[in-house]
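Chemist: Residue numbers (my numbering), protein chains in the order written: chain E, 1 to 277; chain G, 1 to 277.
There are 2 protein chains.
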Amino acid sequence: MIRGTTRLIAHIGVATETFKSPQIYNRWFERMGIDVVVAPMGSKPEHFPTFFKSVFELTNIAGALITMPHKVSVMSLIDVIGSQALVAGACNAVRREADGRLVGEMFDGEGFVRGLRRKGRSVQGAHALVIGNGGVGSAIAAALAKDGAEELTLFDPNAAATNALAARLRQHFPRLRTWVGTCDPSGCDLVVNATPLGMSDKDPLPVDVSRIAPTAFVGEVVMKREITPFLAAARERGCAYMVGVDMLFEQIPAYLDFFGFPPASVDDLRAGSNISY
Amino acid sequence: MIRGTTRLIAHIGVATETFKSPQIYNRWFERMGIDVVVAPMGSKPEHFPTFFKSVFELTNIAGALITMPHKVSVMSLIDVIGSQALVAGACNAVRREADGRLVGEMFDGEGFVRGLRRKGRSVQGAHALVIGNGGVGSAIAAALAKDGAEELTLFDPNAAATNALAARLRQHFPRLRTWVGTCDPSGCDLVVNATPLGMSDKDPLPVDVSRIAPTAFVGEVVMKREITPFLAAARERGCAYMVGVDMLFEQIPAYLDFFGFPPASVDDLRAGSNISY
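1. Would you check if the stretch 61-80 of chain G and the stretch 135-142 of chain G touch, i.e. whether three or more CB-CB distances between them fall below 8 Å?
2. Ordered along the chain, which non-local residues of its own chain (more than five positions away) have a Cβ less than 8 Å from that of P263 of chain G?
3. One question on the structure: do F112 of chain E and Q251 of chain E come within less than 9 Å of each other, judged by their Cβ atoms?
4. Rounded to whole angstroms, what is the Cα-Cα separation between T182 of chain G and A39 of chain E?
5. What number of angstroms, rounded off, separates the C-alpha of H47 of chain G from the C-alpha of D208 of chain E?
6. Measuring only the C-alpha atoms, how far is V180 of chain G from D147 of chain G?
7. Using CA coordinates, which residue listed in G:G109, G:A160, G:A271 and G:V80 is at the minimum distance from D99 of chain G?
8. Determine whether the beta carbon atoms of G244 of chain G and E220 of chain G lie at a separation below 9 Å.
9. Let me know the beta strand (DSSP E) ranges lying completely inside the stretch 87-131 of chain E, each 3 residues or longer, listed in chain order.
10. For chain E, find out if any of its Cβ atoms is closer than 9 Å to the Cβ of T59 of chain G; answer yes or no.
11. For A128 of chain G versus A142 of chain G, is the C-beta spacing smaller than 9 Å?
12. Using beta carbons (cut-off 9 Å, strictly below), is I252 of chain G in contact with chain A?
13. Please state if the CB of A213 of chain G and the CB of P185 of chain G are separated by a distance shorter than 9 Å.
14. Helix, strand or coil for Y241 of chain G? Go by DSSP, reduced to three states.
15. At least one CB of chain G closer than 9 Å to the CB of E226 of chain E: is that the case?
16. Looking at chain G, is there any beta carbon in it that lies within less than 9 Å of the beta carbon of S43 of chain E?
17. At a CB-CB cut-off below 8 Å, which residues of chain G make contact with F19 of chain E?
18. Have a look at E:V55, E:M41, E:N60 and E:I61 and flag the residue whose alpha-carbon is nearest the alpha-carbon of L58 of chain G.
19. Return no unless some Cβ of chain G is closer than 9 Å to the Cβ of L77 of chain E.
20. What is the C-beta distance between F259 of chain E and A62 of chain E, in whole angstroms, given that I count them as a contact (C-beta under 8 Å)?
21. The alpha helix (DSSP H) spanning P45 of chain E covers which residue range?
22. Who are the Cβ neighbours of F261 of chain G in its own chain at under 7 Å, not counting the five residues just before and after it?
23. From which residue to which residue does the alpha helix (DSSP H) around E30 of chain E run?
24. Quick one: complete beta strand (DSSP E) runs, 3+ long, within the stretch 58-92 of chain E?
25. State the Cα-Cα distance for the pair K53 of chain E and K119 of chain G, rounded to the nearest angstrom.
26. Counting only C-beta atoms, is L269 of chain G closer than 9 Å to chain E at any point?
27. Which same chain residues, not among the five before or five after R177 of chain E, have their C-beta less than 7 Å away from its C-beta?
28. For the alpha helix (DSSP H) that contains R211 of chain G, what are its first and last residues?
29. Can you pull the chain E residues whose beta carbon is under 7 Å from the beta carbon of T67 of chain G, in chain order?
30. Could I get the ranges of all uninterrupted beta strand (DSSP E) runs contained in the stretch 214-273 of chain G, with 3 residues as the minimum, in chain order?
31. Can you tell me the Cα-Cα spacing of P174 of chain E and L205 of chain E, whole angstroms?
32. Can you name the residues of chain E whose CB is closer than 8 Å to the CB of P204 of chain G?
33. Give the straight-line distance between the Cα atoms of M242 of chain G and L190 of chain G, rounded to the nearest whole angstrom.
34. Determine the burial state of Q23 of chain G: buried for a count of at least 16 other Cβ atoms within 10 Å of its Cβ, exposed for fewer.
35. Take the Cβ of Q355 of chain G as the centre, count every other Cβ of all protein chains shown within 10 Å, and call the residue buried at 16 or more, exposed below.
36. How is the beta strand (DSSP E) around I12 of chain G delimited, first residue to last?
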């Protein structure tokens, strides 16, 4: 129950309608007796820089969760950039230090890699294809690189995003082999859709699924439904997979730690949420 | 439960800790199945103009409740000023119209007068003393004038606030007799504390209670406790009284109507709240 003493975590993005975090976090805060609430705040790109600075001037702000389309643009608005955010070129969590500095970090990739591990897969030595090189895709690429992937193929319709991500990866992980210019999944151990394709029924598949090896593991960032057309097609080929919400749940303990809250387990977060998949 | 689809009512003021509205409104919204939440937002005066404009650019903003110390300064930030706000020179509720204009109105005075009526008192022909001529006190004075008070005595340590309020009252209610320069309650039918005195145990009484007639009715805006030292002293003299929270509950149906929500009764709002007085 929200009171005058309640501190806010601003969940900023647009459109807000598909946000899942408020339900998950708020139920956990309530169970834990923590007087904090996550509130969705729909901010358009032209309004975001002013709103972001302004919301952090509130006396009862506890932090911000940043989501599409602001994960990249927020980077120029923070004072201290975490290591994963630096490689990803994107940031999805911001807190204010006592001295007023805004510290940002990126947990999408960490969530993805933790989810992979929970499914019994290892990133070590893997050949991965990451389709979509915006905020989420960059974060996943950064986490895969950190966790020991051997080759990363990056693809995005926006070639500039791909090239910038490849350059950052080569700088921070000189032994990683990075490929750009193709979205062919053949030969990959790991194929990740980090585009919004699958949000709408009319979307094409993000990749030619018939060229994914049945032994490959596929991952998805779209959370609007459990099994997207991409996951359904890959599952039909025999691929193991991870749904979008898995990545969300897996990263929440890392977020909570970043914001200074007590430890949380993924199982506990899932059990207390009203998301059934 | 807050979801991605939830719209926000920003409750803006500082400090937020004593806010009561979030608990009252949110329980009512929940019972009514209305997907809206009131969230406290602590904004300091130097940050308020930017934050206020910015929060109304959110795609899911449903309105704002404005409280101390912003009720007067918000007047220069809105596009359309309601009639009570115009006389009060202060505003405590703002909504955004479809065309983007911000419309503000003041309900504190309406809440006070409704509360008086519920206690069986009439404003018609009354001689009233309003101590504290900031946002709330101005609103109460405006509502008393509208409801037919015969004489109003205004007092505030800030004489400029008193004089400005007196000028607006004389302009809008030329038949009302308005006095300034004294806080002597003798001869008054109605004595209202609209200062923050009573928030702290160390505060002096806002007025010399020994000069209040036992037949007078006293009102209080401080909501931090049910019976403030001022109310306790007046009650001891035999005065009938109204506590601060009464004014809050009485004005909520008017607010809800202003924001476009279904009708609510004060009894229903009280019964559903966790405020026991």
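Virtual Cβ for every residue (Gly too), placed ideally from N, Cα, C. None of the values given here were measured: they were computed from a predicted structure.
Modeler: Inspection of the coordinates gives the following:
1. Remark: three or more beta-carbon pairs, one from each stretch, lie closer than 8 Å, so the stretch 135-142 of chain G and the stretch 61-80 of chain G are flagged as touching.
2. These residues qualify, in order along the chain: P253, L256 and D257.
3. Yes.
4. Approximately 47 Å, taken between the alpha carbons.
5. Each residue's alpha carbon lies about 51 Å from the other.
6. D147 of chain G has its alpha-carbon roughly 20 Å from the corresponding atom of V180 of chain G.
7. Checking every option, the nearest Cα to that of D99 of chain G belongs to G:V80.
8. Between G244 of chain G and E220 of chain G, the C-beta gap is smaller than 9 Å, which places the two residues in contact.
9. Secondary structure within the stretch 87-131 of chain E: the beta strand (DSSP E) runs of 3 or more consecutive residues, fully enclosed, are 93-96, 102-105 and 127-131 (chain order).
10. Interface residue, yes.
11. No, the Cβ-Cβ distance between A128 of chain G and A142 of chain G is not below 9 Å.
12. Of the protein chains in this structure, namely E and G, none is chain A.
13. Closer than 9 Å, so yes.
14. In the three-state reduction of the DSSP assignment, Y241 of chain G falls in the strand class.
15. The beta-carbon of E226 of chain E is placed no less than 9 Å from the nearest beta-carbon of chain G.
16. It does; some Cβ of chain G falls within 9 Å.
17. Result: R3 and G4.
18. With distances taken between Cα atoms, L58 of chain G lies closest to E:M41.
19. Under the Cβ criterion of 9 Å, L77 of chain E is not counted among the residues facing chain G.
20. The Cβ separation is near 6 Å, so the contact holds.
21. Boundaries cannot be given for P45 of chain E, as no alpha helix (DSSP H) includes it and DSSP labels it neither H nor E.
22. Taking F261 of chain G as the centre and dropping the five residues before and after it, the same chain places the C-beta of I34 closer than 7 Å to its C-beta, in chain order.
23. That run of the alpha helix (DSSP H) goes S21 to M32.
24. Qualifying beta strand (DSSP E) stretches, in chain order: 61-66.
25. Take the alpha-carbon of K53 of chain E and the one of K119 of chain G: they are about 47 Å apart.
26. Not flagged as an interface residue toward chain E: L269 of chain G, since no C-beta distance is shorter than 9 Å.
27. Excluding residues up to 5 positions away in sequence, E150 and E151 lie with their Cβ nearer than 7 Å to the Cβ of R177 of chain E in the same chain.
28. Neither: R211 of chain G is in no alpha helix (DSSP H) and is coded neither H nor E.
29. Those within 7 Å of T67 of chain G in chain E number zero; the least Cβ separation is about 10 Å.
30. The stretch 214-273 of chain G contains these whole beta strand (DSSP E) runs: 217-220 and 240-242.
31. Their backbone Cα atoms lie some 32 Å apart in a straight line.
32. Under the 8 Å cutoff, chain E gives no residues; its nearest Cβ is about 25 Å from P204 of chain G.
33. Rounded to the nearest whole angstrom, the CA to CA distance from M242 of chain G to L190 of chain G is 11 Å.
34. Buried, because 16 or more other Cβ atoms sit within 10 Å of the Cβ of Q23 of chain G.
35. Since the first residue of chain G shown is 1 and the last is 277, residue 355 of chain G is not available in this structure.
36. Note, I12 of chain G: beta strand (DSSP E), R7 to G13.
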